[in-house]
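For the sequence shown, the working numbering begins at 72 and goes up steadily by one. We put the beta carbon where it would ideally sit given N, CA and C, even for glycine. Below: the structure, in structure tokens.
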Amino acid sequence: MSKANKMSVFQLTILTAVNMMGSGIIMLPSKLAQVGALSIVSWLVTAVGSMALAYVFAKCGMYSKKGGGMGGYAEYSFGKAGNFLANYTYGVSLIFANTAIAISAVGYALGFLDTTLDPVMTCAATIFTLWLATVLNFGGAKYTGQVSSITVWGVIIPCIGLAFVGWFWFSPSMYTANWNVHDLGFGEAALNAITMTLWAFLGMESACANADAVDNPEKNVPKAVLGGTLLAAACYIVSTNIIFGIVPADVLVSSSAPFGLVFSQMFGGTVGKIIMGLMVLSCFGSLLGWQFTIANVFKAGSDEGYFPAFLKKVTSHGAPIAGMVAITIIQSLFSLMTISPSLNEQFETLVNLAVITNIMPYLLCMASVVVIMKAVDHVGSELKTTKLIAFIASLYSLYACYASGFEAMTYGAIVTVFGWTLYGFVSDRFDLKKAQERAHLLEGLLIAQDNIDEVIRIIRSSYDNAKENLMSRFGLDDVQAQAILDEPDILILDEPTGGLDPIVRDEILDLFYDFTRDAGHSILISSHIVTDLEKLCDYVAFLHQGKLLFLEEKDALLERYGVVRCSKAECAAFAPGTVRGMREGAYGVEALCERALLPRGVACTRPSVEDVIVLTAKEEIK
């Protein structure tokens with residue numbers, strides 16, 4: 072996607088906020104009225120949990136080097152299986168969620184028009200709304216961000232307006248009467264409302280899902296996640312609690328447009344209608360953003376090979392139209408299955424399913440953040456803090472899973488198990504493909520090893536056509552020949568000169584030496600031929616019987632020790648700690664000694680690396 076078609080950080084922040092607020096808040100007062108104002112307990116719990124989730128998502132977005140949003144994050148700890156499961160469950164969650172958002176838009180539109188529809192016509196209106204949002208997304212990410220930045224005001228204006236002027240109509244006695252309509256305990260109240268409040272915050276990760284559609288994602292994604300979550304949290308808590316001080320809970324429960332209801336009560340029916348109209352726009356803007364997001368989720372999965380290839384096709388504007396159409400067809404079919412006499416019943420069912428399926432990628436990401444940070448060497452206090460916050464976020468997610476109820480957990484388990492089964496049918500394309508690629512490369516390297524003398528000659532005598540010469544001589548393909556010629560930053564070699572005659576071994580060592588003359592190149596070599604190590608290595612490590620006896624710079628090691636040839640009695644007279652090891656001969660002993668501890672006047676010679684290794688090993692054997 073070109074830079075011109077990408078979102079700004081402001082647009083992504085607004086998209087994240089509108090993804091949460093556009094539908095998350097407009098139906099919530101009606102649902103929370105079933106508990107009463109005591110649902111603020113759930114708000115506070117969810118606000119803490121959501122900020123913990125948002126913090127971890129911000130860290131993932133900052134340090135992850137993999138694309139694809141939550142799927143890419145999960146891959147760090149759980150491999151391709153984790154990537155697939157995160158994309159799959161998140162995609163399924165969005166299918167449920169987007170249908171619920173469309174139902175919310177229809178509900179407010181019906182309130183705005185002062186009309187009602189039978190279940191079949193309501194379903195048809197929901198399907199039409201889904202398709203309209205899909206078609207409008209054909210303009211690409213930039214267009215979606217621009218539209219969302221406008222429609223979000225449809226919810227921001229009523230929420231901010233309510234926060235500033237709603238207090239003039241706020242009745243403490245009404246709030247008290249609405250406090251606990253069913254005499255629930257704090258724990259029970261939180262449990263009953265936690266799913267709905269978490270639903271309100273679903274969308275904090277949408278900035279991560281759209282990471283490929285924003286400029287400079289490493290910096291902008293974390294800003295959008297935290298900024299969008301904070302904005303939404305403030306609006307939710309203030310506005311819903313003011314409403315409980317104005318409208319009786321029993322009236323709120325039956326309303327499909329609670330914000331329109333409260334503004335009608337405050338300013339009259341005309342203002343209430345205007346608010347309903349604004350809410351319809353906001354809800355539709357949210358649906359627009361979510362439809363674009365879900366297409367990107369499935370595109371990311373298709374890029375990885377999890378889903379059909381047509382899902383990753385995009386237009387010149389960066390819009391995955393084929394994926395959008397396919398997803399909307401699925402949503403339309405699903406909408407037919409949710410026909411119910413009550414919009415509220417449809418909404419609640421879809422919310423529970425969306426929340427339960429969304430928790431799985433959340434948990435996978437929380438469990439992966441430590442690996443992500445360690446992969447880029449971010450350790451210390453920052454890592455410890457992030458680990459603690461990720462643990463808190465995981466506990467909250469599991470609590471929300473439990474709060475969703477047995478039925479939702481059952482359906483969520485079925486969806487997840489089906490995903491694992493589906494991955495089993497596609498996993499061969501990942502593991503088998505990798506194995507075949509490795510085998511193919513190994514075949515070429517074995518050919519090179521069997522003809523090492525000729526390979527060296529061809530490479531040394533070729534100017535800029537070594538690859539072509541290798542391919543022609545040994546029947547290698549481009550990948551195999553390139554693997555032989557590639558110059559990685561580090562070579563890891565195990566007995567590379569074993570079995571070679573002295574002349575060829577010397578030529579190989581020259582090649583290694585030339586390789587390390589570049590400051591960016593290194594070799595980690597394991598060998599029993601110590602003379603090779605002395606010629607080539609800057610640092611020497613000695614492993615003996617599973618124990619690391621020393622790891623030192625070669626020159627420092629040889630300067631540190633000296634070999635003293637003397638009698639055993641003379642050697643025994645040295646100060647403790649002087650002798651590192653010795654071997655006895657016919658005419659005395661050879662002792663490896665610390666130069667700095669030798670008595671003045673005692674002659675010693677510079678040891679070889681082999682001397683140090685052999686004499687150290689003899690002392691260990693004793």
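| Item | Value |
| --- | --- |
| Shortest alpha-carbon distance to residue 405 belongs to which of 513, 467, 164 and 644? | 164 |
| Check whether the stretch 319 to 328 touches the stretch 248 to 264, taking contact to mean three or more Cβ pairs, one atom from each stretch, closer than 8 angstroms. | yes |
| Please list the segments of the alpha helix (DSSP H) lying wholly inside the stretch 535 to 605, counting only runs of 4 or more residues, in order along the chain. | 537 to 545, 549 to 556 and 573 to 587 |
| In terms of residue numbering, what span does the beta strand (DSSP E) encompassing residue 612 cover? | 610 to 615 |
| By Cβ distance, which residues of its chain are closer than 6 angstroms to residue 442, with the 5 residues on each side in sequence left out? | 147 and 148 |
| How about residue 564 and residue 594: are their beta carbons less than 8 angstroms apart? | yes |
| I'd like to check one pair, residue 487 with residue 160: are the Cβ atoms closer than 8 angstroms? | yes |
| Measure the Cβ-Cβ separation of residue 354 and residue 176 and say whether it is below 8 angstroms. | yes |
| From 398, 348 and 347, pick the residue whose C-alpha is nearest to that of residue 368; which is it? | 398 |
| Nearest CA to the CA of residue 672: which residue from 656, 263 and 645? | 645 |
| Can you tell me the Cα-Cα spacing of residue 343 and residue 349, whole angstroms? | 10 angstroms |
| Nearest to residue 468 by alpha carbon, out of 361, 242, 182 and 427? | 427 |
| Pull up the distance between the alpha-carbon of residue 642 and that of residue 620, whole angstroms please. | 22 angstroms |
| Which residues mark the beginning and the end of the alpha helix (DSSP H) in which residue 272 is found? | 257 to 272 |
| Would the C-beta of residue 166 count as close to the ligand GDP, meaning under 7 angstroms from any of its heavy atoms? | Annotation note on the ligand GDP: not contained in the displayed structure, which lists no ligands. |
| Can you give me the Cβ contacts of residue 582 inside the same chain, cut-off strictly under 8 angstroms, excluding the 5 residues immediately before and after it? | 527 |
| Counting Cβ pairs, one atom from each stretch, are 3 or more of them under 8 angstroms apart for the stretch 361 to 378 and the stretch 389 to 396? | yes |
| With 16 as the cutoff for other CB atoms within 10 Å, does residue 682 come out buried or exposed? | buried |
| Which partner residues of residue 323 appear in the DSSP bridge assignment? | DSSP, once it has assigned bridges, lists no residue as partnering residue 323. |
| When we look at the beta-carbon of residue 287 and count the other beta-carbons within 10 Å, is it buried (16 or more) or exposed? | exposed |
| Could you check whether residue 629 and residue 663 sit closer than 8 angstroms to each other, using their CB atoms as the reference points? | no |
| With a CB to CB cut of under 6 angstroms and the five nearest residues on each side skipped, what residues in its chain are close to residue 84? | 295, 298 and 299 |
| Could you spell out the range, first to last residue, of the alpha helix (DSSP H) harbouring residue 478? | 477 to 497 |
| At what residues does the beta strand (DSSP E) containing residue 665 begin and finish? | 659 to 665 |
| If you reduce the DSSP assignment to three classes, tell me which class residue 631 lands in. | helix |
| For the alpha helix (DSSP H) containing residue 531, name the first residue and the last one. | 523 to 532 |
| Since I believe residue 183 is in contact with residue 351 (beta carbons under 8 angstroms), could you give me their beta-carbon distance rounded to a whole number of angstroms? | 6 angstroms |
| What number of angstroms, rounded off, separates the C-alpha of residue 114 from the C-alpha of residue 309? | 10 angstroms |
| How many Å lie between residue 377 and residue 227 at the Cα? | 38 angstroms |
| Do you know how far the Cα of residue 598 is from the Cα of residue 604? | 8 angstroms |
| Quick check on residue 692: does DSSP put it in helix, strand or coil? | For residue 692, the pLDDT reaches just 49, beneath the cut-off of 50, and the residue's location in the model is therefore unreliable, although a value from the coordinates is still provided. In this structure, residue 692 counts as helix in the three-state DSSP scheme. |
| Would you tell me roughly how many angstroms separate the C-alpha atoms of residue 449 and residue 192, rounded to the nearest one? | 55 angstroms |
| Report the CB separation of residue 517 from residue 554 in whole angstroms; it is logged as a contact under 8 angstroms. | The Cβ separation is near 11 angstroms, so there is no contact. |
| Between residue 562 and residue 552, is the Cβ-Cβ spacing less than 8 angstroms? | no |
| Thinking C-beta only, is residue 479 closer than 8 angstroms to residue 547? | no |
| Between which two residues does the beta strand (DSSP E) containing residue 622 stretch? | 618 to 624 |
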